[in-house]
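Q: In terms of full-length UniProt numbering, the sequence shown has 126 at position 126, counting the first letter as 1, and numbering is strictly consecutive.
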Amino acid sequence: MPMQVLINLFIGVLWMFLQDDWSILSFASGYLFGILVLFILRRFLDSKFYLFTMHAVVQLFFLFIYELFTSSIMVIREIIKPQIDIKPGIISFATSLESDLEVTLLALLLTLTPGSVVMEITPDKKLFYIHAMDIPELSDAVIRSKEKFEEAIKKVTRP
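#1: Output needed for F27: all residues of its chain with C-beta closer than 8 angstroms, excluding positions within five of it in sequence on either side, in chain order.
#2: Output the residue ranges of the alpha helix (DSSP H) runs that lie fully inside the stretch 63–122 and measure 4 residues or longer, sorted by chain position.
#3: Who pairs with L127 in a beta bridge, going by DSSP?
#4: Which residue from A56, A132 and W22 puts its Cα closest to that of S71?
#5: When burial is assigned at 16 or more other CB atoms within 10 Å of the CB, is P159 buried or exposed?
#6: Can you list, in chain order, the stretches of the alpha helix (DSSP H) that have 4 or more residues and sit fully within the stretch 7–64?
#7: Which residues does DSSP list as the beta-bridge partners of A132?
#8: For R144, which three-state DSSP category applies?
#9: Here's the rule I'm using: 16 or more other beta-carbon atoms within 10 Å means buried, otherwise exposed. How should Y50 be labelled?
#10: Assuming V103 contacts K125 (C-beta within less than 8 angstroms), just tell me the rounded distance between them.
#11: Could you check which residue in L110, R43, E78 and I84 has the C-alpha nearest to that of F93?
#12: For P159, which three-state DSSP category applies?
#13: Note down the Cα distance separating I40 from V117, rounded to an integer number of angstroms.
#14: Below 7 angstroms CB to CB, which residues in the same chain sit around F33 once its five sequence neighbours on both sides are set aside?
So this is what it looks like as structure tokens:
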């Protein structure tokens with residue numbers, strides 16, 4: 001993917017040289033032409049077309065923002081109650097992610113969502129231990145978030 005971005009930037013700069021116009025508009029049109037060229041030649045490239053990966057990254061970002069807001073609302077709802085009735089605890093679940101990058105990204109995304117903290121990951125990277133603020137309510141939300149995050153991370157990191 002980084003090579004595709006560099007090739008596309010090179011095509012954009014080459015387009016500016018050939019047009020003999022040093023403007024952002026000329027570079028942008030050359031960059032768009034480079035995207036078209038790379039899209040046509042994508043089956044000859046060794047990795048997935050980089051705009052598909054960028055689209056998956058943007059989807060993962062918006063999924064995280066959505067999960068952040070929904071879990072924040074759940075935590076605020078628990079805190080605002082006159083009588084705090086939470087049952088904190090530790091849950092464990094298995095993951096289907098394989099690489100260090102994927103496991104680390106999932107752990108960070110789960111930790112950044114309010115109400116849950118990844119405490120430990122087993123050495124074989126297959127089991128997560130998570131502390132949840134309220135086991136009956138938030139554990140279901142954490143598991144749903146984990147499944148959504150896993151699918152989005154796979155779209156970003158795997159071909």
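Glycine included, each C-beta is placed from N, C-alpha and C at the ideal position.
Being a predicted model, the structure only gives us computed values, none of them experimental.
A: Put simply:
#1: Excluding sequence positions up to five before and after F27, its CB lies within less than 8 angstroms of the CB of G12, V13, W15 and M16, all in the same chain and listed in chain order.
#2: Counting only runs of 4 or more, we get 100–112.
#3: The partner list for L127 (beta bridge, DSSP) reads A94.
#4: Here the closest residue by C-alpha is A132.
#5: With fewer than 16 Cβ atoms within 10 Å of its Cβ, P159 is classed as exposed.
#6: Under the rule that a run must span 4 or more residues, the alpha helix (DSSP H) segments found entirely inside the stretch 7–64 read 24–40.
#7: Under DSSP, A132 takes part in a beta bridge, and its partners are G89 and S116.
#8: Three-state result, R144: helix.
#9: By the neighbour-count rule (16 or more Cβ atoms within 10 Å), Y50 is buried.
#10: Under the criterion of beta carbons closer than 8 angstroms, V103 and K125 qualify as touching, at roughly 5 angstroms.
#11: The shortest CA-to-CA distance from F93 to any of L110, R43, E78 and I84 is the one to L110.
#12: If DSSP states are grouped into helix, strand and coil, P159 belongs with coil.
#13: Taking the straight line joining both Cα atoms gives about 44 angstroms.
#14: I11 and W15, listed in sequence order.
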